[in-house]
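Q: Our numbering puts the sequence shown at residues 5 to 143.
No residue lacks a Cβ here, since even glycine has one placed at the ideal position from N, Cα and C.
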Amino acid sequence: MNINKIELLTVDQVIQINKHIVAQERQRHTCLDKGKIDSAISAAFYPGNYPFQYGGIAKVAGALCYFLTKAHAFLDGNKRTAGIAATVFMELNHYQLFYPFNLKKDTNEFADIIDHAAANKISKDQLITWFDHHKQSHS
Numbered sequence: 005m006n007i008n009k010i011e012l013l014t015v016d017q018v019i020q021i022n023k024h025i026v027a028q029e030r031q032r033h034t035c036l037d038k039g040k041i042d043s044a045i046s047a048a049f050y051p052g053n054y055p056f057q058y059g060g061i062a063k064v065a066g067a068l069c070y071f072l073t074k075a076h077a078f079l080d081g082n083k084r085t086a087g088i089a090a091t092v093f094m095e096l097n098h099y100q101l102f103y104p105f106n107l108k109k110d111t112n113e114f115a116d117i118i119d120h121a122a123a124n125k126i127s128k129d130q131l132i133t134w135f136d137h138h139k140q141s142h143s
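1. DSSP has S141 in a bridge; who is on the other side?
2. Would you report the Cα separation of N6 and G39, rounded to the nearest angstrom?
3. Three-state secondary structure (DSSP) at N112?
4. Which first and last residues belong to the alpha helix (DSSP H) in which N35 is found?
5. Just list the residues that DSSP pairs F78 with in beta bridges.
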């Protein structure tokens, strides 16, 4: 894979994701700090060893999710925005997540793992590993 073909997310794209998410819940969109979004994106996409310091699209997505969750850049929807942004990043780069979701029991492993990261119940590395274990390429 050529690094020039990797699609990155921008601050404005993450803001648009949050606007859409909070609108669905009839909440008001408020970006508290664009700089926090930029820092979260930069931390995930830091150009270390190819492809990025965390190695692999799914692992970078996990780092992005973690850093956006911790950034608290929005008044509402930080965890939802982090999860969707990470998923969009994966889709842009021909990957998707597969995880247990049970409507009858109202369980969603993806939402649960992000909640655990936000509550410091799991580490960044554990979230990154979860993403890596739940990825599937569709290229």
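A: Put simply:
1. Paired residues: Y99.
2. Confidence at N6 is low in this model, with a pLDDT of 47, below 50, so its placement is unreliable and the value that follows should be read with caution. About 29 angstroms.
3. In the structure shown, N112 sits in a strand (DSSP, three-state: E or B).
4. One point to set straight first is that residue 35 is Cys, not Asn, in the sequence displayed. No alpha helix (DSSP H) holds C35; DSSP gives it neither H nor E.
5. Beta-bridge analysis with DSSP links F78 to C35.
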